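Protein chains in written order, with our numbering: chain A, 1 to 207; chain B, 208 to 414; chain C, 415 to 621; chain D, 622 to 828.
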DNA sequence: AAATAACCGAGACGGTACGTCAAGTCTTGAG
DNA sequence: CTCAAGACTTGACGTACCGTCTCGGTTATTT
């Protein structure tokens, strides 16, 4: 990858000391945070490497040493952002848990995933490897936001469809993303109730 | 509309004789077709006005006289493309009809909608009006591809959920787009059967 | 050459009207004059295309459309500068005429040729064609400054060496350039008298 | 001097024992030879410190510890190169001796001096002290190549102009450099004969 | 023997300028 | 007024070197 995930994380043994001046980790942080800020402010298209350099106080070369191009930079920035943890299901019944989970999920998608989708579209053609990397992040995030939380939500032994968690992970994010991007409408309370009552609950309860 | 065109097309009355050389309608066609071809070949980001001008044989001026920028051009080009008509349901049973419809639908999305999504992401920040236009097209197309066909498919009086057609139109395209874009996997036969058997049929039959 | 000397200058007939917007000649002028000014101020090495663009008010692309690189630009700028005309010999005797001519010649070389020599050294390796062009200018200028003036100076029928004019053109500029560049000393009155009395006159009068 | 080196090499007295690891003299040699090689290959302008470091196997730090910048490095490299000794005059007559001397001289200039001239042009504006240093080397070399050899050549008591040696040292290198740099033509046999017969001999014999 | 100090390689760092590309605007001559 | 052609300004791209600055590690002399 552009940014070394370096590996060798758990060898336990001494790592062979790389020669030369080590990278300044404070630069990494400044670059990624400037990228995230600009991504939120102006979107993927309008985000320029020049602006990232300016805001982060790093030279352009310092950025390019780490990330081969804009798409890689944005990927890393999104990868780096703090991972929000889903809320604990606490409503006591499945419908309440689902409402809470879907509400939180739609906020996460609206706030964070949209920027990454721009990078995905741009990089898709020119760099398949990079596109795959972005997809990996998106999938991992969606899984984290849906899979485990749902298993908790259905702990009450309700009589649900087999593979209910997988179904939820497949359907809920798809419909939320579709609404935000294609429909261009916010995920308000009415929509979330509709999603839970008319789609998710019938689906999960079907056998 | 982005395109100033439209004007005076079928008023029936005398059109005020505009002075000067009239627009060459063959240019319109050449421009839009070059745009569509390039959109398919290289994607939205890599599509350059320069290349459209070169391939269509039109001058850049001629393009900008019609479309104020790249996003508007792509919007018009997608708007212009020939509208495919959904297949007639002919399997005799609901599952067979759904399989046929979903197969055709996923091909349409994979082939045509993806290009427009790039324009949508680009234009979203800079031009809300344009984004809305692109969404209008996407919504209209999805509706055309789902609403009417489904009504035909359920003509047999099966015992379906109320508003089954709306549900289908909301769920099916969302999941297909999500699979293509986020998962990056093709909509092959196995996936389509899964979509129909595990998601759509349970959902439509729930009451 | 990078800049079209275009030719067709004396065809007398209509020149086939090239399509497209013609180049803005005011840009040519501004670019060349900014180049000359900067060349004088900071020298060849420190002259940057960026600075030329800034001072001339032209975009970098406008410069690169005309001149493929810095060396070509400087060549054109020096080519463009106003050609000074040598003084009329009016001293009445050969020595006086030579003193006047050499004085003027050394001023020209000190003021104008030095900048071009930097471009010559830079371009020599990377672009033989360009180097040849610069040499052509240098030779032409030196010839104009030495050949014709000397013929006038020796009009009195003095008993000079055959090919005296060629000898002068070969020796005088060489020694002047050498003094300025290698010795790094100015061509003051004492040096000029030395050059005329100890080198040029003996040489021209030898038979 | 640019290089702080030199010091204390043959004073015979005790040199104040500087603490710390002494400089690795093998590095000096590698750096200077890499510089000379690159200077010949690509010329002054294209010679980069990075390339010198790469070829010499030395780190950039090690170079900059010795030479403050490119011009100083090149100066030192040219200073360091082996000094060729002029051929003994052995033709028996003045013309033959001059032909031999000028032939050798033009080879030296073509092979070694040209590179230094690039450094001279570059450094002239930015660092007068450095330019003066380069001029010192050039002058010293030219003097070594012309002064002493000529005195030997004219040992036969020929009837020559007073200060003939100085005249030769002033005229011959100037014309050779001029031909190579400005005319861009090689110093072949015909030119050398012309230089000796039409310029040097008449000049030296004039009284 | 230890401490100190300068050396060395490697390479990261903030910069400047490069030469290129595409965007969107402007200007010509011809129709 | 339209068209093709192409010049124009603007702004960002990604690259190459510049000269400086850490690093880990290596010799030397001095305590």
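Ideal placement from N, C-alpha and C gives every residue a C-beta, glycine not left out.
Predicted, not measured: the structure shown is a model, and the values here were computed from it.
| Item | Value |
| --- | --- |
| Mind listing the chain A neighbours of residue 318 of chain B? Cutoff is C-beta to C-beta under 9 Å, in chain order. | Within chain A, no residue comes near residue 318 of chain B; the closest Cβ sits about 15 Å away, beyond 9 Å. |
| Quick check: residue 176 of chain A and residue 109 of chain A, are their CB atoms within less than 7 Å of each other? | yes |
| May I ask which residues mark the beginning and end of the alpha helix (DSSP H) holding residue 155 of chain A? | Careful: residue 155 of chain A lies outside any alpha helix (DSSP H) and carries neither H nor E. |
| Does the separation of the CB atoms of residue 258 of chain B and residue 245 of chain B fall below 7 Å? | yes |
| Can you pull the chain B residues whose beta carbon is under 7 Å from the beta carbon of residue 164 of chain A, in chain order? | In chain order: nothing, as chain B lies at least about 11 Å away. |
| Kindly indicate which three-state DSSP category residue 186 of chain A falls into: helix, strand or coil? | coil |
| The alpha helix (DSSP H) with residue 620 of chain C in it runs from where to where? | Segment: none, residue 620 of chain C is in no alpha helix (DSSP H) and carries neither H nor E. |
| Measuring CB to CB, does residue 116 of chain A end up less than 7 Å from residue 78 of chain A? | yes |
| Return the CA-CA distance between residue 577 of chain C and residue 691 of chain D, expressed in angstroms with no decimal places. | 45 Å |
| Please name the residue, chosen from C/509, C/616, C/434 and C/559, that lies closest to residue 527 of chain C on a Cα-to-Cα basis. | C/559 |
| In terms of alpha-carbon separation, which member of D/754, D/638, D/725 and D/805 lies closest to residue 694 of chain D? | D/754 |
| Confirm, please, whether the CB-CB distance from residue 54 of chain A to residue 328 of chain B is below 7 Å. | no |
| Answer yes or no: does any C-beta atom of chain B fall closer than 7 Å to that of residue 2 of chain A? | Note that residue 2 of chain A scores a pLDDT of 42, beneath 50, so its modelled location is shaky; the value from the coordinates is reported in the next line. No - not a single Cβ of chain B is within 7 Å of the one on residue 2 of chain A. |
| Measure from the alpha carbon of residue 579 of chain C to the alpha carbon of each residue in C/619, C/442 and C/596, then state which is nearest. | C/619 |
| Could you spell out the range, first to last residue, of the alpha helix (DSSP H) harbouring residue 181 of chain A? | Note, residue 181 of chain A: premise wrong, no alpha helix (DSSP H); not H, not E. |
| What's the gap between the Cα of residue 86 of chain A and the Cα of residue 98 of chain A? | 12 Å |
| In the segment 22-69 of chain A, which residue ranges form an unbroken beta strand (DSSP E) of at least 3 residues, counting only runs that do not cross its ends? | none |
| If you check the beta carbons only, do residue 56 of chain A and residue 34 of chain A fall under 7 Å apart? | yes |
| So, helix, strand or coil for residue 575 of chain C, using DSSP? | coil |
| Whole angstroms is fine: what's the gap from residue 211 of chain B's alpha carbon to residue 234 of chain B's? | Low confidence applies to residue 211 of chain B: its pLDDT is 41, below 50, so where it sits in the model is not reliable, and the reading given next is rough at best. Roughly 14 Å between the two C-alpha positions. |
| What does the Cβ neighbour count give for residue 385 of chain B, buried or exposed, with the cut at 16 atoms within 10 Å? | buried |
| For residue 410 of chain B, decide whether its Cβ has a neighbour in chain A, counting only Cβ atoms nearer than 7 Å. | yes |
| Run through chain C and tell me which residues come within less than 9 Å of residue 752 of chain D, C-beta to C-beta. | 598 |
| For chain C, find out if any of its Cβ atoms is closer than 7 Å to the Cβ of residue 815 of chain D; answer yes or no. | no |
| For residue 782 of chain D, which residues in the same chain have their Cβ closer than 8 Å to its Cβ, ignoring the five residues on either side in sequence? | 788, 824, 825, 826, 827 and 828 |
| So, does the CB of residue 795 of chain D fall closer than 7 Å to a CB anywhere in chain C? | yes |
| Starting from the Cα of residue 334 of chain B, find the closest Cα among A/36, A/45, A/20 and A/152 and give me that residue. | A/45 |
| Let me confirm a value: residue 318 of chain B is counted as buried when at least 16 other C-beta atoms fall within 10 Å, else exposed. Which label applies? | exposed |
| Using a Cβ-Cβ cutoff of less than 7 Å, which residues in the same chain neighbour residue 498 of chain C once the five nearest sequence positions on both sides are dropped? | 522 |
| Measuring CB to CB, does residue 147 of chain A end up less than 7 Å from residue 172 of chain A? | no |
| For residue 228 of chain B, go through chain A and note every residue whose CB falls closer than 8 Å to its CB, in chain order. | Result: empty, since nearest Cβ-Cβ is about 36 Å, beyond 8 Å. |
| Residue 82 of chain A by DSSP, collapsed to three states: which one? | coil |
| With hydrogens ignored, establish whether the beta-carbon of residue 774 of chain D is closer than 6 Å to any heavy atom of the ligand FMN. | In the structure shown, the ligand FMN is absent, as is every other ligand, since no ligand is present at all. |
| Looking only at C-alpha atoms, which of D/756, D/724, D/661 and D/715 sits nearest to residue 772 of chain D? | D/715 |
| Does any residue of chain B have a CB that is nearer than 7 Å to the CB of residue 118 of chain A? | yes |
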